[in-house]
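Note sheet for the following structure.
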Amino acid sequence: MVLAIAESERVRGTTSPNPPVGCVVLDEHGHAVGFGGTQPIGGAHAEVMALKEAGTKARGGTAIVTLEPCSHYGRTPPCTEALIEAGIKHVIHAVSDPDPKAAGGAKRLEEAGITVESGLLENEVAKGPLRAWLHYARTGRPHVTWKYAASLDGRIAAQDGTSQWISSETSRKQVHDMRAKLDAIIVGTNTVRKDDPALTARDADGMPLPHQPLPVVVGMSDLPGGAKLQHTALHLRTHDPDEVLTALAGRGVVDVLLEGGATVAGAFLRAGRIDRVLAYVAPAILGNGPAAVVDAGVSTITDAVRLTVEDVTMSGPDLRISAVPQI
Ligand code: AOF
Ligand code: ZN
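Under our numbering, the first residue of the sequence shown carries the number 2, and numbering increases by one thereafter.
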């Protein structure tokens, strides 16, 4: 399953609105003979890719998949039938498919005499590569991660507005790697005016990574002439988070990163449309300076947006905190 997760990570960011699934096929002796990840929309599912590589060695073998194999005719034929036809004897999957049209795969496989085991590394997959898609499958809305970098006292810039670079190079590199595995990045028009971001995913030498997310700017005002995003971004002239998310879902966007600024973050928080907060907290104190969010809809302590911390790690000298708002 660890190898299947690696396969899913390899295709993450290229499959939406389909889930990035990974599959490994073992032969009857337990040797890995086929690896596969979901192809871009309309293309083959992970199981079909792995079975293709395994060829006749799949006979009597095991398929390990991050998602329950589909049992429906969608854009592609059902993976259950491909597994049965290839002579697979055992299937192990991490997460059951919540999509009613594709679910039922485990049952279909068992009826064909295949043993099925569910739930292996379920949490790793559900909180990792399939997280955004599972949210989208349940709610119909793209999953939104709000990411910011702040000082230990919660400032995202100094008093004079200078902000390059609060977080360390290690943290900035992590963000670029993350951008390359996403569908879209949202910023507000204020951020375009202040920072003129390109919102591309780049390597350490500044070269673009192979997969680029859709840059999205939200807000009523026009983008300044000459802004890097002027011709590349989708400009949605609305501040309403639900309208933004509906427009993005209509374009097949599932996994969204909200990168700023404070006003847009406030609007999404007030609407309850932040699904995860990813904070890079640098060991620096700025004293004065703007905060990461403006008007989160909190006027008294009982209104506080409470979160549950999922994970805390060091990113170079910075703290990286992943937290989920309590509902
Ligand atoms: C799998 N393996 O690799 C993926 C699955 O329209 P289709 O035919 O591409 O089917 C899309 C649905 O299939 C999707 O909503 C999800 O339930 C499942 N995705 N299933 O067995 C895969 N990507
Ligand atoms: Zn399938």
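We put the beta carbon where it would ideally sit given N, CA and C, even for glycine.
Owing to the predicted nature of the structure, the values given are computational and were not obtained by experimental measurement.
| Taking 7 Å as the cut-off, does the CB of P70 come closer than this to any heavy atom belonging to the ligand ZN? | yes
| said: On the criterion of 16 or more Cβ atoms from any shown chain inside 10 Å, does G226 qualify as buried, or is it exposed? | reply: exposed
| query | Comparing alpha-carbon positions, which option in D296, N19, G162 and L237 lies nearest R76? | reply | N19
| query | Can you find a C-beta in chain D that's less than 8 Å from the C-beta of D256? | reply | Absent here is chain D; the protein component of the structure consists of one chain.
| For I302, which of helix, strand or coil comes out of DSSP? | helix
| query | Among all the DSSP beta bridges, which residues are the ones paired with S316? | reply | D319
| task | Kindly indicate which three-state DSSP category D196 falls into: helix, strand or coil? | result | helix
| message | So, with DSSP's three-state summary, where would you put S119? | response | strand
| query | Going along the chain, which unbroken runs of the alpha helix (DSSP H) with 4 or more residues stay wholly within the region 36 to 82? | reply | 47 to 55
| field | R194 versus V217: straight-line alpha-carbon distance, rounded | value | 14 Å
| request: Please classify E86: is it buried, with 16 or more other beta-carbons within 10 angstroms of its beta-carbon, or exposed? | output: exposed
| task | Helix, strand or coil for V3, going by three-state DSSP, please let me know. | result | helix
| query | Using the C-alpha atoms, what's the distance from Q165 back to D206? | reply | 18 Å
| query | Are three or more beta carbon pairs between the region 131 to 149 and the region 265 to 275 nearer than 8 Å? | reply | yes
| Which residue from A7, G251, Q327 and S316 puts its Cα closest to that of R173? | S316
| field | N- and C-terminal bounds of the alpha helix (DSSP H) containing K148 | value | From DSSP, K148 is part of no alpha helix (DSSP H) but of the beta strand (DSSP E) over H144 to S152.
| query | Of the choices P214, L84 and T171, whose alpha-carbon is the least far from that of I187? | reply | P214
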